[in-house]
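Numbering-wise (this note's numbering), the sequence shown opens with residue 1 and increments by one. See structure below.
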Amino acid sequence: MQGSSNGVEDTGGAGKVSRGSERKLKAQKETMWGTLSRARRSMICLPHPTAVCANVRCRIAAPVSQVQPVSYKEQVDFLDWLKERGQRDAYASTTVGISAHGRALFATRPIQAGERVLRVSRDLLITPDKLPAEVTKLLPQDVSEWARLALFLLAEQHKGQDSTWSPYISCLPPLRSIHSTVFWKKEELELVRHSSLHRETVQRKAIIGAEYAAVQPALQKCSHLFGQRIAQADFKHAYATVCSRAWGIEALQTLALVPFVDFFNHESYCQALLSYDEEQGFAEVLADRDYAVGTQVMLSYGRLPNSILALDFGFTLADNPHDQVEVWMGISRRDELRKSKLRLLHAHDMPTFLHADGSDSGGSGFTIRLVKSAIGRGKGIPHALRAFARVMCVDNEQELNEMAAEAVKHDGRLARRPLKDKTREAQAMSLLLARLESMMQQRHSSLLTLRLVETCRGKNAGSSSPITVHVQMAGDVVGGEMRVLRSAIAWLRNHCSPSTVLT
Numbered sequence: 001m002q003g004s005s006n007g008v009e010d011t012g013g014a015g016k017v018s019r020g021s022e023r024k025l026k027a028q029k030e031t032m033w034g035t036l037s038r039a040r041r042s043m044i045c046l047p048h049p050t051a052v053c054a055n056v057r058c059r060i061a062a063p064v065s066q067v068q069p070v071s072y073k074e075q076v077d078f079l080d081w082l083k084e085r086g087q088r089d090a091y092a093s094t095t096v097g098i099s100a101h102g103r104a105l106f107a108t109r110p111i112q113a114g115e116r117v118l119r120v121s122r123d124l125l126i127t128p129d130k131l132p133a134e135v136t137k138l139l140p141q142d143v144s145e146w147a148r149l150a151l152f153l154l155a156e157q158h159k160g161q162d163s164t165w166s167p168y169i170s171c172l173p174p175l176r177s178i179h180s181t182v183f184w185k186k187e188e189l190e191l192v193r194h195s196s197l198h199r200e201t202v203q204r205k206a207i208i209g210a211e212y213a214a215v216q217p218a219l220q221k222c223s224h225l226f227g228q229r230i231a232q233a234d235f236k237h238a239y240a241t242v243c244s245r246a247w248g249i250e251a252l253q254t255l256a257l258v259p260f261v262d263f264f265n266h267e268s269y270c271q272a273l274l275s276y277d278e279e280q281g282f283a284e285v286l287a288d289r290d291y292a293v294g295t296q297v298m299l300s301y302g303r304l305p306n307s308i309l310a311l312d313f314g315f316t317l318a319d320n321p322h323d324q325v326e327v328w329m330g331i332s333r334r335d336e337l338r339k340s341k342l343r344l345l346h347a348h349d350m351p352t353f354l355h356a357d358g359s360d361s362g363g364s365g366f367t368i369r370l371v372k373s374a375i376g377r378g379k380g381i382p383h384a385l386r387a388f389a390r391v392m393c394v395d396n397e398q399e400l401n402e403m404a405a406e407a408v409k410h411d412g413r414l415a416r417r418p419l420k421d422k423t424r425e426a427q428a429m430s431l432l433l434a435r436l437e438s439m440m441q442q443r444h445s446s447l448l449t450l451r452l453v454e455t456c457r458g459k460n461a462g463s464s465s466p467i468t469v470h471v472q473m474a475g476d477v478v479g480g481e482m483r484v485l486r487s488a489i490a491w492l493r494n495h496c497s498p499s500t501v502l503t
C-alpha cells in the first residue's frame, strides 16, 4: 500500500495507545498526550485506515502515470487462487501490477464513476478469529487484534506453499521493505523530533515490544505452527504489515485483512472508499471517477496527515491537504490562578492531562489544520484551543466567574466566543500566536537539518535507499506541518490587535 503524490509550558503526557496494549503500558485511559484529568475521558486507538463504511464517490483526482505489470506467474497464481475461492468479482475490472510505489491495481476495462470495481466476500476476509484455537487460548485477553493478525501471518508464512493463503501471503511486503517510522534508525527519527510523529513512533515501538512479550507463551508452546523461534524483528514486521493493510470493518466489529483490496494505492483527493454490505456479506469499492484501460485505480485510506501515513503505511505525500499539527498548551505552575483555571476548565468538559505520577500537567493537546483564509473565521484552528488561550490569559477571579456565567447563558461551552474586551481577546490570540511561532521556529531548524543530511548523505545513496526515502518522508512531514502553522500564524497575526478582533 502506498501513496501517489507567555506562560506556556511545553510538557506532554505519556502516550497514544492501541486497544490491545492498555495493561502493558498502564495506559488504559491515555491519549496521545497522556491520561485525561477529571473531565471526560476517551480512548484513542492505534490509527488505521478510516475509510470503512462510507459511500462518498465524486471528486476527481490527478491522473497517475502508466507502469509495468507484475510477473506473469505471480499474477496468474494470485488470480487463480481468487478464482478457486469463488472470488471472480474481485478481479472483474482490475488486475495487479507494479507502480513506482509498489504493487497496485489497474483497470482491465473502461470503468465508469459509481461502478463497482472490486468485491470480496466475507469468507476471504482474514480476521483474528481465524487464528488457530490452540494459539488463541494461550494469549492474554488484552492482546490486540493487530497482534493476533500478525501471528496469523507468521503461522501461514511458516507453512510456506502448504498454506491455503500462500498466493496472498507471497504478495505481502518482504522483511525490511516497509518504511514505517518504527523501522527508522534513531538518527533518522531525530529528523522529526518536534513532530507528534516522533512521540507516536516511540509509543508504537513500545506497544509492539510489549505485544511481543505478551505472545511469547503462545510462540514457545506452538513451535510446530511458528517454527522454533520468532525473532522480535519478524514479529515487528508482521505487526507493521497488519497496521499498513488491515481495515476496521465496523459492521463486523473486527479488524480484517482484505486480500486484493489492500493492493489499492492511496490518493489524498480520492473519495472512493471501502464499504461493507452486511446483508450480502461482502466488501466492495465503487469508483469515484472514470478510468481508462491500464489506468491505476485509486482508493482513499481516509483523510490522513503525513504523520499517520508515515507511521502506519510507510509513505508520505508532498503537499498533503490533510496535514495537521498537534499543539500543546499548558497553564504555568507559576500562575496564581492555576487551580481556579483548572477547576473552571474541568467543570466545562475541557480536560487537562495527568503525568505518570498522577499530578495534573495543567495542559491539553489540540489539532490544528490548514487555515485557508488569513482574513476569514479561522477554520482549522479549533475553538477549544482558542478558548483555552482565553482562559490562560485571565488575571483575576472575577473574569473567570464572568466566563462561567457567559457559558451558562449560551450552550454551556466555555469561552467559545471572542471576549467582549477586545484588548483581552487580542492578548489571548497573541499568546496563541507566540506558541505557534515557537513551533514554527523548531520546524525551521529541523528543515535546515534535513537539508544538511540530504547534502552530506544523499549523494552517496541511491534514490530508493532507506536513508534517502526516510529523509524525503521526514521532509514531507515537517514541510506539511510548517505549511499548516504558517496558515494559522497568518490568521492570528490579523487578529492580534483590538482593532481587528472579530466580534
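Glycine included, every Cβ here is placed at the ideal spot set by N, Cα and C.
| Query | Result |
| --- | --- |
| Buried or exposed by the 16-neighbour rule on C-beta atoms within 10 Å, applied to I375 | exposed |
| Proximity of T127 and L311 at Cβ, strictly below 8 Å | no |
| Where the beta strand (DSSP E) containing W146 begins and where it ends | Taken as a continuous stretch (DSSP letters only), W146 belongs to no beta strand (DSSP E), being part of the alpha helix (DSSP H) at 145–159. |
| The region 236–251 touching the region 200–213, judged by at least three CB pairs closer than 8 Å | yes |
| Local conformation of A318 per DSSP, three classes | coil |
| Ordered list of alpha helix (DSSP H) runs contained in the region 177–251, each at least 4 residues | 186–189, 196–214, 216–221, 223–226, 232–245 |
| Beta-carbon proximity of V371 to G365, cut-off 8 Å | no |
| Three-way DSSP call (helix, strand, coil) for W328 in this model | strand |
| Close-in-space but distant-in-sequence residues of the same chain around H355 (CB under 6 Å, 5 per side omitted) | S361 |
| Extent of the continuous alpha helix (DSSP H) run through G475 | 466–493 |
| Which of helix, strand or coil DSSP assigns to H112 | For clarity, residue 112 is Gln in the given sequence; the question names His instead. Coil, per DSSP. |
| Residue range of the unbroken beta strand (DSSP E) whose run includes A104 | 102–107 |
| Proximity below 8 Å, CB of A347 to CB of A387 | no |
| Alpha-carbon spacing of A107 relative to G86, whole angstroms | 20 Å |
| Nearest residue (CA-CA) to L432, options D357, R483, G479, W328 | W328 |
| Close-in-space but distant-in-sequence residues of the same chain around Q228 (CB under 7 Å, 5 per side omitted) | none |
| R119 - partner residues in DSSP beta bridges | E284 |
| Y168, enclosing alpha helix (DSSP H) - first and last residue | 166–169 |
| 4-residue-minimum alpha helix (DSSP H) runs that sit fully inside the region 333–407, ordered along the chain | 338–347, 383–392 |
| Nearest neighbour of I381, chosen from H495, N396, Q398 [CA to CA] | H495 |
| Delimiting residues of the alpha helix (DSSP H) encompassing V135 | 133–136 |
| Straight-line Cα distance separating S487 from G480 | 11 Å |
| V96, enclosing beta strand (DSSP E) - first and last residue | 94–99 |
| A310 in three-state terms, based on DSSP | helix |
| Helix, strand or coil at D77 [DSSP, three-state] | helix |
| CB-CB length for L105 against F263, believed under 8 Å | 5 Å |
| Where D262 falls: helix, strand or coil (DSSP) | helix |
| V484 versus D323 - alpha carbon distance | 7 Å |
| Whether Q442 touches H194 by CB criterion (8 Å) | yes |
| One or two residues paired with L274 in a DSSP bridge | V285 |
| Cβ neighbour criterion (16 or more within 10 Å) applied to T241 | buried |
| Host beta strand (DSSP E) of A256 (start-end) | 254–257 |
| Proximity below 8 Å, CB of A283 to CB of V120 | yes |
| Cβ shell of P259 (< 6 Å), same chain only, five flanking positions each side left out | L124, Y168 |
| For S332 and L191, the rounded distance between their alpha carbons | 29 Å |
| Nonlocal neighbours in the same chain, by C-beta distance under 7 Å from Q141, ignoring five residues either side | none |
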